[in-house]
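These protein sequence lines map, in sequence, to chains A and B.
Residues in the first sequence are numbered from 0 upward in steps of one, following numbering that gives the first Met the number 0.
Residues in the second sequence are numbered from 0 upward in steps of one, following numbering that gives the first Met the number 0.
Notes follow once the structure below has been shown.
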Amino acid sequence: MNIMMLLEMAASAFPARKAFYDPTVDQDISYEELLREARKKSQVLRESGTSRCVLLDTTNLGIPIALFSSAWAGIPYVPINYRLTLDEIDALLERVQPAFLITDGDREPRYRGRNALRVASRDEFRDATPINSNDDFHWSMEPDEVAVLLFTSGTTGIPKAAVMRQRHLCSYILGSVEFMSASEDEATLVSVPPYHIAGIGAILSSVYSGRRVVQMSQFDAGEWLQLVREHNVTTAFVVPTMLARIVKALDGRTTAGLPNLQSIAYGGGKMPRNIVERALDLFPETEFTNAYGLTETSSTITVLGPEEHREALSSRDIDVRRRLASVGTPLPGIELDIRDSDGNSLSEGSHGEVYVRGDQVSGEYEGRGSTLDTDGWFCTRDAGYIENGYLFLEGRSDDVIVRGGENLSPGEIEDVLLDHACVEDAAVVGIPSDEWGESVAAVVCLDGVVSVSELQDWVRNRMRSSRVPESIEFWEELPYNETGKLLRRVIRERLSP
Amino acid sequence: MAVLSTGQRLKSGVCTTEIMVITAPQEDLDLTCGGAPMTANGDESNTGLNPDFADGTTIGKRYVNVDGKLEILCVKPGDGSLAIAGDKLKLKDSKKLPKTD
Chain A
0 MNIMMLLEMA ASAFPARKAF YDPTVDQDIS YEELLREARK KSQVLRESGT
50 SRCVLLDTTN LGIPIALFSS AWAGIPYVPI NYRLTLDEID ALLERVQPAF
100 LITDGDREPR YRGRNALRVA SRDEFRDATP INSNDDFHWS MEPDEVAVLL
150 FTSGTTGIPK AAVMRQRHLC SYILGSVEFM SASEDEATLV SVPPYHIAGI
200 GAILSSVYSG RRVVQMSQFD AGEWLQLVRE HNVTTAFVVP TMLARIVKAL
250 DGRTTAGLPN LQSIAYGGGK MPRNIVERAL DLFPETEFTN AYGLTETSST
300 ITVLGPEEHR EALSSRDIDV RRRLASVGTP LPGIELDIRD SDGNSLSEGS
350 HGEVYVRGDQ VSGEYEGRGS TLDTDGWFCT RDAGYIENGY LFLEGRSDDV
400 IVRGGENLSP GEIEDVLLDH ACVEDAAVVG IPSDEWGESV AAVVCLDGVV
450 SVSELQDWVR NRMRSSRVPE SIEFWEELPY NETGKLLRRV IRERLSP
Chain B
0 MAVLSTGQRL KSGVCTTEIM VITAPQEDLD LTCGGAPMTA NGDESNTGLN
50 PDFADGTTIG KRYVNVDGKL EILCVKPGDG SLAIAGDKLK LKDSKKLPKT
100 D
């Protein structure tokens, strides 16, 4: 198995179709050209004698070439977060060299000349040709070869390098995407960065389905709306902060006026319910899909589809309405289990930790090996429960607040706070308490005037009293990382004396 | 007859079909296309395309045997039909999934 096979199939079935388009330079690349470039660059990588291909750059046409040529050359592709500090980037580079480093022109001088790096600017990489062209050089079909090393976002500590082997990525695509299922006039707008698992997933699933990718290197809500309109975009994936900004950019409008946009998928973090409901109003012709997945599971593992969104919105049944807050049901080939802290399986409806099993689940980190248990189950460290087959998430299990022996889900309390008309954003964390072990603290961003005691009453009238925040602070904004993950650690640090 | 392994690529000896093994049981199997054995190099078979096994293969489709333990992907289409010991493989039903990323 090799992801190169996916590209080879695309290039043989629809060679001249446009595969990727970069609007900033108004250039595109067809599947046939992408295959040709991957062949050429794989030999460049091979001749460099390096053992990793590191990408430190924003989205551009070189990114799919780097991903596929690495697979062809048989070396791991390692996209690194360019928003990290220079020191943080150096620390990650130390862990993956000797490496072929592709980076933008501004950064390139900093790395040029380092012993363990062979540096190419974005343009140099695009122009590179092998010294000895070899047409018999084929990729390996060994399923255990490492395709991608992806550093987790490290919101709770030092980033871990998740290992994705060829079989994990191929299983994900073969299990979730129908070959050539997109028509020639379909296009997807990819605004997630290349170092995010959804960015990798987007390249692979678009190639296999034959859907043209419109690349967006720097997310901006206004530009996003403009790109959708100008390039006849039919599908898009967004993380929660992106959708929140898109909704905000459409403030005062009754509709986005984008009838060609057939579907929006969202995921990568907890999506506030009020944003989804507002988005459903603004995009009446658009189907919405919620996808839940992790880096360690090769992207999506559960899906709440368009029909389920519609059904939940229009149903009188409270259990069906609640499904809008779920992440849906598992993909074919994926099994879920909810377990207690000792690893024992719990019955449906019980709250615990989410475990997942399936061919696309890697659960492996470089230097630490596989974290799967003997039966192949991976512990996601997400807290949640299953109801009528639907998975509901309650945040990272580390974030669950243990107050006087009772487990409280921050997400539930946040949802109640967000239902208040004056609350624009809310985060709930546990802070050390002599009396309770942990107590409930909330940080709220306001859009209107409301007092702390009024908000406490608001929660008290809707939830058990143990869930009422003992303290509430008003902040201008909450700390998020650039892909929309709430940085609870930062909030806890600022709140704890 | 051979034990097939995940990721293995095989070619037909009587048409242009090429496949990749997705999952296979740990047992000897007689995988044919167009009535002739499939091999790594697509060694040409002198039997020609058997008209009883000439329904054709479709690129991107997955094929399974009766017990579902063997699953293969067609990566290049051709005129033959895939079979195990004379039993034609069936197209695997795929549930239509919403696009996620």
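Cβ atoms here follow ideal geometry from the backbone N, Cα and C, with glycine treated the same way.
Being a predicted model, the structure only gives us computed values, none of them experimental.
By the 10 Å Cβ neighbour count, where 16 or more other Cβ atoms means buried, how is residue 266 of chain A classified, buried or exposed? Flag for residue 266 of chain A reads buried.
Residue range of the alpha helix (DSSP H) that includes residue 89 of chain A: Counting along the chain, the alpha helix (DSSP H) containing residue 89 of chain A begins and ends at 85–95.
Just how far apart, CA to CA, sit residue 400 of chain A and residue 412 of chain A? Rounded to the nearest angstrom, the two C-alpha atoms are 11 angstroms apart.
Is DSSP giving residue 81 of chain A helix, strand or coil here? If DSSP states are grouped into helix, strand and coil, residue 81 of chain A belongs with coil.
For the stretch 170–198 of chain A, which residues have a beta carbon sitting closer than 7 angstroms to at least one beta carbon of chain B? Going along the stretch 170–198 of chain A in chain order, one finds 173, 175, 177, 178, 179, 197 with a Cβ nearer than 7 angstroms to chain B.
Starting from the C-beta of residue 428 of chain A, find all residues in its chain whose C-beta is less than 6 angstroms away, skip the five residues before and the five after it, and write them out in chain order. Here the set comprises 440, 487, 490, 491.
So residue 239 of chain A packs on residue 268 of chain A, CB below 8 angstroms; how close in whole Å? Indeed they touch by this definition, with Cβ atoms about 5 angstroms apart.
From residue 302 of chain A to residue 325 of chain A, what does the alpha carbon distance come to, in whole angstroms? For residue 302 of chain A and residue 325 of chain A, the distance between alpha carbons rounds to 9 angstroms.
Quick one: is residue 74 of chain B near chain D, going by C-beta distance under 7 angstroms? No chain D is present in this structure, whose protein chains are A and B.
Would you verify that the beta carbon of residue 93 of chain B is, or is not, closer than 7 angstroms to some beta carbon of chain A? Closer than 7 angstroms to some Cβ of chain A, the Cβ of residue 93 of chain B qualifies, so yes.
Is any heavy atom in the ligand NAP found nearer than 6 angstroms to the beta carbon of residue 21 of chain B? The ligand NAP is absent from the structure shown, which contains no ligands of any kind.
On a Cα-Cα basis, can you pick out the residue from A:421, A:278, A:159 that is closest to residue 77 of chain A? It is A:159 whose Cα lies nearest to the Cα of residue 77 of chain A.
Please report the straight-line C-alpha distance between residue 22 of chain A and residue 259 of chain A, rounded to a whole angstrom. Their backbone Cα atoms lie some 19 angstroms apart in a straight line.
Contacts around residue 419 of chain A, its chain only, beta-carbon distance under 6 angstroms, and the 5 residues preceding and following it disregarded: Its chain contains 457 as the residues whose beta carbon lies nearer than 6 angstroms to that of residue 419 of chain A, once the 5 sequence neighbours on both sides are disregarded; these appear in chain order.
Is the stretch 192–208 of chain A touching the stretch 62–79 of chain A in the sense that three or more CB pairs, one from each, lie closer than 8 angstroms? The stretch 62–79 of chain A is in contact with the stretch 192–208 of chain A.
With distances taken between CB atoms, is the gap from residue 353 of chain A to residue 383 of chain A smaller than 7 angstroms? Their beta carbons are under 7 angstroms apart, which means residue 353 of chain A touches residue 383 of chain A by this criterion.
Quick one: what's got a C-beta closer than 8 angstroms to residue 122 of chain A's C-beta in the same chain, skipping five residues either side? Residues of the same chain with a CB within less than 8 angstroms of the CB of residue 122 of chain A, apart from the 5 flanking positions on each side, are 104 in chain order.
Pick helix, strand or coil for residue 480 of chain A, following the three-state DSSP scheme. The three-state secondary structure of residue 480 of chain A, taken from DSSP, is coil.
DSSP on residue 255 of chain A, reduced to helix/strand/coil? In the three-state reduction of the DSSP assignment, residue 255 of chain A falls in the coil class.
DSSP puts residue 263 of chain A in a beta bridge; with which residues? Looking at the DSSP output, residue 263 of chain A shares a beta bridge with A:235, A:287.
Can you tell me whether residue 211 of chain A is buried or exposed? The criterion is at least 16 other CB atoms within 10 Å of its CB, across all chains shown. Residue 211 of chain A is buried by the Cβ-count criterion.
Using only the alpha-carbon positions, how far apart do residue 286 of chain A and residue 263 of chain A sit? Straight across, the Cα-Cα distance linking residue 286 of chain A with residue 263 of chain A is about 6 angstroms.
Roughly how many angstroms separate the alpha carbons of residue 8 of chain A and residue 483 of chain A, rounded to a whole number? The straight-line gap from Cα to Cα measures roughly 35 angstroms.
Return the CA-CA distance between residue 7 of chain B and residue 28 of chain A, expressed in angstroms with no decimal places. Looking at the two C-alpha atoms, the distance is approximately 30 angstroms.
When DSSP labels each residue in this structure, what does residue 4 of chain A get in the three-state scheme? In the displayed model, residue 4 of chain A falls within a helix according to three-state DSSP.
Residue 214 of chain A to residue 207 of chain A span [Cα, whole Å]: CA-CA distance, residue 214 of chain A to residue 207 of chain A, rounds to 17 angstroms.
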